[in-house]
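A.B. asks: With the working numbering, the residue at position 495 of the sequence shown is 502, and numbering never jumps. Glycine included, C-beta positions come from ideal geometry on N, C-alpha and C.
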Amino acid sequence: MNRRRKLLIYLCLASLLGYLSIHIMYFNDTYSPLKVLPDARSEAKRLLRFMTLYHYQCNSTLTMSNATNWPVCTEVDGGINPESKPDKIIYSIGPSDYDFENMISKNISSSSVHIFTRTGPRHSDFLLPKQNNTYLYRTVIVPNDPADFTRNSFRTQTLNSVMDTLHHKHIDILKIEKQMDVGSMYELLYFLVKDGLLKRVSQLHFSIVIDKIDDDFLYGWYRALYNLFHEAGFRLYHTATSNQLCLQVTLMESCVYYMSWIHSPSPRMFVMYPPAVDGTYEYEMRRFEDHLNSQTVDCYMPTEVTITGKHKMTVCKQIREDQTYRPCKLVIVRTKPSEVSVTSETKFDCQIVVVQGTDLGMDGEVTVFNLNQQGTAVTNVQTIPLTDALLHHLKPTSYNIFYTDTSMEFWELISLMMDDGIMQVVDQFIADIELWSHLNHGNIRKGYSEIMRLKAYGFDLYQYVSLSEEDTLRFRSNSPDKVCCQRLSYLRTKVPRVGK
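What follows is the structure in structure tokens.
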């Protein structure tokens with residue numbers, strides 16, 4: 008009897024542990040960005056959102072017609088310059104016709120077009136003149152899957168082997184339209200990302216053929232596009248379809264989507280991040296919070312500074328390997344005029360500049376002045392536009408610490424600094440803001456995208472903390488615990504890339 012009772016207890020405990028393990032695994036997976044959704048319909052809606060919500064706005068394109076499937080981006084910050092040298096290398100895999108290839112050869116000077124097709128074109132379709140450096144290869148491009156031992160054979164080649172054979176280190180435009188097996192297209196993209204080959208591609212154009220509503224098939228495409236954005240750094244700027252009905256609330260069978268992507272545009276250009284999982288407010292919030300709760304860098308040479316006698320913050324003198332000594336400058340940007348002083352119990356040898364708006368905010372001209380080393384005497388008072396003030400005082404010859412306690416104006420301020428490239432000379436960025444007061448379902452993804460643009464400028468998160476109203480100069484709290492706002496502090500750890 009005792010043995011039976013022990014066996015029953017053992018089985019019950021084992022069942023309980025199994026149940027808890029499953030639920031813990033499920034909980035941990037709930038907010039995973041690559042979470043598998045419960046059915047094909049949900050996967051279809053998520054994939055459609057990803058394919059039709061652009062990440063990047065390309066205002067200058069080279070097209071064949073108003074209804075072109077493949078516009079070539081010629082934007083100054085990130086696009087292809089049709090007139091520039093050296094020679095442009097264009098790869099076209101499995102084209103259904105040769106309109107795109109003809110357009111490239113006629114409009115992009117010093118280009119060589121390499122076409123890879125299973126069968127040769129009909130003479131009437133193939134209009135590319137030989138003098139435009141057009142080359143035709145009868146082969147099938149397949150994924151670089153290590154498990155496929157026949158991938159580099161007489162009839163098939165991987166893109167890796169093709170580039171090695173042709174001695175090409177970079178591809179300006181890669182267009183992938185058709186393969187032998189439609190289902191292997193996302194596998195081809197998967198291995199292009201995994202191999203790092205797409206780091207050598209400037210623009211990517213490819214088609215997605217949805218020939219079945221199958222959850223594994225749809226998830227395979229979502230994973231490929233997710234990795235294309237987050238791991239390979241490609242940004243979607245155009246999607247066309249074979250039929251307008253394909254843009255309805257859910258995917259339809261027999262739909263073809265033609266997608267155009269640009270590789271790592273300058274951080275001066277705004278990039279809207281794809282929806283978090285299925286784009287619900289819950290997932291958008293969790294993604295934002297996950298970033299803010301993941302401090303990634305420590306402060307070197309921390310100094311505690313007190314502003315106006317009560318407001319304390321930590322400034323950091325980070326010295327990267329690529330830098331020599333630079334004099335320090337603290338730039339304080341505030342919305343309204345008020346008394347400002349800066350003190351520190353330890354040595355603080357930064358020049359202090361204050362930029363203040365008027366009673367109407369930051370629109371129009373702002374007042375700019377210097378504080379002395381004790382932070383008490385005002386000198387060099389000027390009234391100039393905000394952009395001019397920032398450009399004048401934030402110079403690459405200084406180690407620049409930027410602090411602001413704007414709130415509603417915060418998003419406009421950092422957008423201006425990133426659009427104009429001012430952020431590239433900032434070394435520490437500190438902001439006290441009512442972060443969650445101005446974010447809702449309609450703009451939380453945009454706010455997250457702006458914060459992530461700081462990473463493109465070479466910043467990593469140093470500090471994210473909640474502040475009480477006693478810790479701030481201007482915020483007041485309505486909550487019982489007196490938590491009024493949040494502090495974001497970012498440190499530059501990498502050299503920003505602000506242009507091609």
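#1: What residues are listed by DSSP as bridge partners for GLY454?
#2: Over the uninterrupted alpha helix (DSSP H) stretch that includes PHE57, give me the two end residues.
#3: Does DSSP put HIS174 in a helix, a strand or coil?
#4: Return helix, strand or coil for TRP443, following the three-state DSSP convention.
#5: Within 8 angstroms, do at least three Cβ pairs link the stretch 243-258 to the stretch 56-67?
#6: Using 8 angstroms as the Cβ pair cut-off and three pairs as the minimum, do the stretch 198-216 and the stretch 109-124 touch?
#7: Who are the near neighbours of MET424 in its chain, counting only those whose CB is closer than 6 angstroms to its CB and skipping five residues on each side?
#8: Is ARG125 helix, strand or coil when you go by DSSP?
#9: Going by alpha carbons, who is nearest to ILE183 out of ASN76, THR141, ASP285, THR172?
#10: Return the first residue and the last residue of the beta strand (DSSP E) that THR390 is part of.
#11: Quick one: what does DSSP say ILE111 is sitting in, helix, strand or coil?
#12: Helix, strand or coil for ASN300, going by three-state DSSP, please let me know.
#13: Quick check on GLN210: does DSSP put it in helix, strand or coil?
#14: Which value, in whole angstroms, describes the spacing of the CA atoms of CYS492 and SER67?
#15: Below 8 angstroms on the Cβ atoms is my guess for SER496 versus ILE437; work out the distance and round it to an integer in Å.
#16: Tell me whether ALA384 is buried or exposed, calling it buried when 16 or more other Cβ atoms sit within 10 Å of its Cβ.
#17: Below 8 angstroms on the Cβ atoms is my guess for PRO309 versus CYS323; work out the distance and round it to an integer in Å.
#18: For the structure I just gave you, are there three or more beta carbon pairs, one from the stretch 297-316 and one from the stretch 391-407, closer than 8 angstroms?
#19: So, using beta-carbon positions, are ASN407 and VAL338 closer together than 8 angstroms?
#20: Leaving out five residues before and five after ASP283 in sequence, what residues of the same chain have Cβ atoms less than 6 angstroms from its Cβ?
#21: Do the stretch 41-57 and the stretch 83-99 make contact, defined as three or more Cβ pairs closer than 8 angstroms?
#22: Measure the alpha-carbon distance for LEU498 versus TYR410 and round it to whole angstroms.
#23: State the Cα-Cα distance for the pair PHE133 and THR70, rounded to the nearest angstrom.
C.D. replies: The relevant details are as follows:
#1: Numbered from its first residue, the sequence shown carries residue 454 at position 447. Its beta-bridge partners do not exist; DSSP assigns none.
#2: Within the sequence shown, residue 57 is the residue found at index 50, counting from 1. Taken as a continuous stretch (DSSP letters only), the alpha helix (DSSP H) holding PHE57 covers 47-59.
#3: Counting from 1 along the sequence shown, the entry for residue 174 is found at position 167. In this structure, HIS174 counts as coil in the three-state DSSP scheme.
#4: If you number the sequence shown from 1, residue 443 lands on position 436. Helix at TRP443.
#5: Inter-segment contact for the stretch 56-67 and the stretch 243-258 is present: three or more beta-carbon pairs are separated by less than 8 angstroms.
#6: Not touching, per the Cβ criterion.
#7: As a working mapping, residue 424 is identified with position 417 in the sequence shown. For MET424, where only same-chain residues beyond five positions count, the Cβ hits under 6 angstroms are MET430.
#8: Here residue 125 corresponds to residue number 118 of the sequence shown, with the count starting at 1. Of the three classes helix, strand and coil, the one that applies to ARG125 here is coil, per DSSP.
#9: Stepping through the sequence shown from its first residue, residue 183 is reached at position 176. Of ASN76, THR141, ASP285, THR172, the residue nearest in Cα terms is ASN76.
#10: Here residue 390 corresponds to residue number 383 of the sequence shown, with the count starting at 1. Taken as a continuous stretch (DSSP letters only), the beta strand (DSSP E) holding THR390 covers 385-392.
#11: Translated into positions along the sequence shown, residue 111 becomes position 104. In this structure, ILE111 counts as helix in the three-state DSSP scheme.
#12: For this step, residue 300 is matched to residue 293 along the sequence shown. Three-state DSSP puts ASN300 in coil, outside helix and strand.
#13: Along the sequence shown, one-based indexing puts residue 210 at 203. It is a strand residue.
#14: Here residue 492 refers to the residue found at position 485 when the sequence shown is read from its first residue. Here residue 67 refers to the residue found at position 60 when the sequence shown is read from its first residue. Answer to the nearest angstrom: the Cα atoms are 41 angstroms apart.
#15: In the sequence shown, counting from the first residue as 1, residue 496 sits at position 489. In the sequence shown, counting from the first residue as 1, residue 437 sits at position 430. Their Cβ separation, rounded to whole angstroms, is 5 angstroms, which keeps SER496 and ILE437 in contact under 8 angstroms.
#16: For this step, residue 384 is matched to residue 377 along the sequence shown. Exposed, since its Cβ has fewer than 16 Cβ neighbours within 10 Å.
#17: Start at 1 with the first residue of the sequence shown, and residue 309 comes out as number 302. Start at 1 with the first residue of the sequence shown, and residue 323 comes out as number 316. Going by Cβ atoms, the distance from PRO309 to CYS323 rounds to 6 angstroms, so yes, they are a contact pair.
#18: no
#19: Here the question's residue 407 lines up with position 400 in the sequence shown. Here the question's residue 338 lines up with position 331 in the sequence shown. Their beta carbons are under 8 angstroms apart, which means ASN407 touches VAL338 by this criterion.
#20: Taking the sequence shown and counting its residues from 1, one reaches residue 283 at position 276. The sequence given here places Ala at residue 283; Asp does not occur at that position. Residues TYR290, GLU291, ARG294 of the same chain have their beta carbon placed closer than 6 angstroms to that of ALA283, with the five preceding and five following residues left out of the count.
#21: These segments do not touch.
#22: Within the sequence shown, residue 498 is the residue found at index 491, counting from 1. Within the sequence shown, residue 410 is the residue found at index 403, counting from 1. In a straight line, the C-alpha of LEU498 is about 12 angstroms away from that of TYR410.
#23: One-based indexing of the sequence shown puts residue 133 at position 126. One-based indexing of the sequence shown puts residue 70 at position 63. Low confidence applies here, because PHE133 scores a pLDDT of 44, under 50, leaving its location unreliable; read the following figure in that light. If you take the alpha carbons of PHE133 and THR70, they lie about 19 angstroms apart.
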